[in-house]
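In what follows, a structure is listed as C-alpha cells, so that the remarks can point back to it.
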Amino acid sequence: MATMRAVDITNGSGPATSLHIASIPKPSASSGQAIVKIKAFGLNRMDLLQREGHYPVPPQAPKTLGVEFSGTVEELGPDSKDNFKKGDEVFGLAYGGAYAEYIAVNTKMLLHKPAHLSWEEAAGVPETWITATQAMYLVGEFTRGKTVLWHAGASSVSIAGIQLSKIGGAAAIYVTASSQEKIDFCVKELGATAGFNYKTQDWSKEVLKATDGKGVDLIIDFVGQSYFQGNLDTAARDGRVVHLGAMSGTKLPAGVDIRAFVMKRVRFEGSSLRSRDPEYQGKLRDKLETYLDKFEDGTFKIYVEKVLPWEKIVEAHQLMEKNATKGKIICTID
Numbered sequence: 001m002a003t004m005r006a007v008d009i010t011n012g013s014g015p016a017t018s019l020h021i022a023s024i025p026k027p028s029a030s031s032g033q034a035i036v037k038i039k040a041f042g043l044n045r046m047d048l049l050q051r052e053g054h055y056p057v058p059p060q061a062p063k064t065l066g067v068e069f070s071g072t073v074e075e076l077g078p079d080s081k082d083n084f085k086k087g088d089e090v091f092g093l094a095y096g097g098a099y100a101e102y103i104a105v106n107t108k109m110l111l112h113k114p115a116h117l118s119w120e121e122a123a124g125v126p127e128t129w130i131t132a133t134q135a136m137y138l139v140g141e142f143t144r145g146k147t148v149l150w151h152a153g154a155s156s157v158s159i160a161g162i163q164l165s166k167i168g169g170a171a172a173i174y175v176t177a178s179s180q181e182k183i184d185f186c187v188k189e190l191g192a193t194a195g196f197n198y199k200t201q202d203w204s205k206e207v208l209k210a211t212d213g214k215g216v217d218l219i220i221d222f223v224g225q226s227y228f229q230g231n232l233d234t235a236a237r238d239g240r241v242v243h244l245g246a247m248s249g250t251k252l253p254a255g256v257d258i259r260a261f262v263m264k265r266v267r268f269e270g271s272s273l274r275s276r277d278p279e280y281q282g283k284l285r286d287k288l289e290t291y292l293d294k295f296e297d298g299t300f301k302i303y304v305e306k307v308l309p310w311e312k313i314v315e316a317h318q319l320m321e322k323n324a325t326k327g328k329i330i331c332t333i334d
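Positions 1 to 334 (the working numbering) are the ones given, in order, by the sequence shown.
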C-alpha cells in the first residue's frame, strides 16, 4: 500500500503539542475525484476544535485535519470532469485531509489557480471566502444598501467579509476587534466604516450610537454566548444574526432578554459550511470563481499573516490560539 506523510494527533486528540508528522495510507481517487499533491494548506479555527476533539466532523471526512489547500493535480479518478488534467495548478475546499502530502477531493470543489496567486495565497482563499459569501448572501440574504457588523473583524473570514460588503454596496460596515491596531487595520486598510474595541468599549452601545439607535441589518458572529444579548440589542428591525461559531461558549446566562425576536422581528440562524452537501458547496465554489478577476486587479486582497513549513505545525496552531493575527496562517509542504 502506498503511503504519504500527514499531520497526526497523538492519542487522537489533544493540545497543539500533540501534533506530529506521521506516515499514513495515501488516498486513491474515486469517481469524480482528483488526487492533488499539496503545496500549501490554510489553518482555520475549526482545526483547533477538531484537534481537541470538540468539532463534529462530517462522516465523509478523513481524520486528518485541514479543509483548504493548493497544489497540483496528480491523478484523476473515473468520471472526473470539470476541465482538469494531470499537472494543473489548483486550489480548493475539502471535507478534511489537507494537512497531508496528498488529498482526494471532488473535482467540483477545485479551481484553477491563477498565475498571479502564490501557493500560499491560494491556500488561504477557499474556506475563508466561501464562508464569508455563504454567511452574507445565502444565510444573511444581504442586499445592496444594508448595514453590516462583522465580529472578530481581523479574522480571515471577516477580512474577506468586509471586502465583500464594500464591493456589494453596504451602506455601512462595522467591526469589533480586540485592539486598536486591529480596528485601524479594518478601517484604514479594508475600508470598514468604524470599529469598536470589545475589551475597552461596550460595543453594542457604540454600534447603536453610530447608527442613531437603528442598529444594523446583518450581524456575522463567531463568538456566541457572550455576544448573544448584544447582538439582539444591536440588530435593526427585521435584522439578521448569522451565528458561525461559539468562541465564548454555547450556554446562555440567566436573564437573557429575547424580546427582539418579536419586537424587532430579528432572525437568528446558525450555519456550518463543512457539513453542507457537495451541491451546496459547489454553488459557493462557483461564486468564488467569479471573484478571481478581482483578486487579480487588486479589488480583493488576500492577507497572509504567517507562513511556516508544515514541520512547524505545533507553532502554527499555538500562534492561532493566541488570537493575535490579522489574516491567514499558512503551512507549506516541500
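Beta carbons are placed, not taken as given, at the ideal position from N, Cα and C, and that holds for glycine. No experiment lies behind these values; they were computed from the predicted model shown.
By the Cβ neighbour-count rule, residue 252 is exposed, with fewer than 16 other Cβ atoms within 10 Å of its own.
Here DSSP, grouped into helix, strand and coil, assigns residue 244 to coil. Going by C-alpha positions, residue 240 is about 22 Å away from residue 281. When the alpha-carbon of residue 268 is set against those of 108, 237 and 289, the nearest one is in 237. Measuring C-alpha to C-alpha distances from residue 56 to each of 37, 95, 89 and 80 identifies 95 as the nearest. C-alpha of residue 327 to C-alpha of residue 77: approximately 34 Å in a straight line. In the pairwise beta carbon analysis, the stretch 187 to 201 is classified as not touching the stretch 212 to 220: fewer than three pairs are separated by under 8 Å.
Put simply, the stretch 132 to 141 does not touch the stretch 45 to 52. Fewer than three CB pairs are less than 8 Å apart. Nearest to residue 170 by alpha-carbon distance, out of 141, 203 and 86, is 141.
Judged by DSSP in its simplified three-state form, residue 280 adopts helix. For residue 322, the number of other beta carbons within 10 angstroms of its own is below 16, and it is reported as exposed. Residue pairing for residue 269: DSSP places it in a beta bridge opposite 242.
For the set 294, 183 and 311, the Cα lying nearest the Cα of residue 117 is the one of 294. The alpha carbon of residue 26 has as its nearest neighbour, out of 16, 5 and 42, the alpha carbon of 5.
Comparing alpha carbon positions, the residue from 166, 187, 124 and 35 closest to residue 87 is 35. In this structure, residue 318 and residue 16 form a Cβ contact; the two beta carbons are roughly 5 Å apart against a cut-off of 8 Å. With at least 16 other beta carbons inside 10 angstroms of its own, residue 106 counts as buried. By the 16-neighbour rule on beta-carbons within 10 angstroms, residue 231 is buried. The beta carbon of residue 61 lies closer than 6 Å to those of 95 and 96 in the same chain, with the five residues before and after it left out.
The C-beta distance from residue 190 to residue 163 rounds to 6 Å, short enough to fall under 8 Å. Under a 10 Å Cβ-count criterion, residue 262 is classified as exposed, with fewer than 16 other Cβ atoms of the shown protein chains found around its own Cβ. Membership of residue 69 in the beta strand (DSSP E) is indicated by the continuous run 68 to 76. Between the alpha carbons of residue 329 and residue 285 lies a gap of roughly 21 Å. Between the alpha carbons of residue 154 and residue 276 lies a gap of roughly 26 Å. For the set 212, 245, 115 and 211, the Cα lying nearest the Cα of residue 224 is the one of 245. When secondary structure is reduced to three states using DSSP, residue 164 falls in the helix class. When the five nearest sequence neighbours on each side are left out, the beta carbons in the same chain lying within less than 6 Å of the beta carbon of residue 148 are those of 165, 170, 173 and 218, in order along the chain. The straight-line gap separating the alpha-carbon atoms of residue 124 and residue 158 is approximately 13 Å.
Exclusion of the five residues before and after residue 79 leaves 31 and 32 as the residues of its chain whose Cβ lies within less than 7 Å of its Cβ.
Assigned with DSSP and collapsed to three states, residue 306 falls in strand. When only Cα atoms are considered, residue 23 and residue 3 end up about 6 Å apart.
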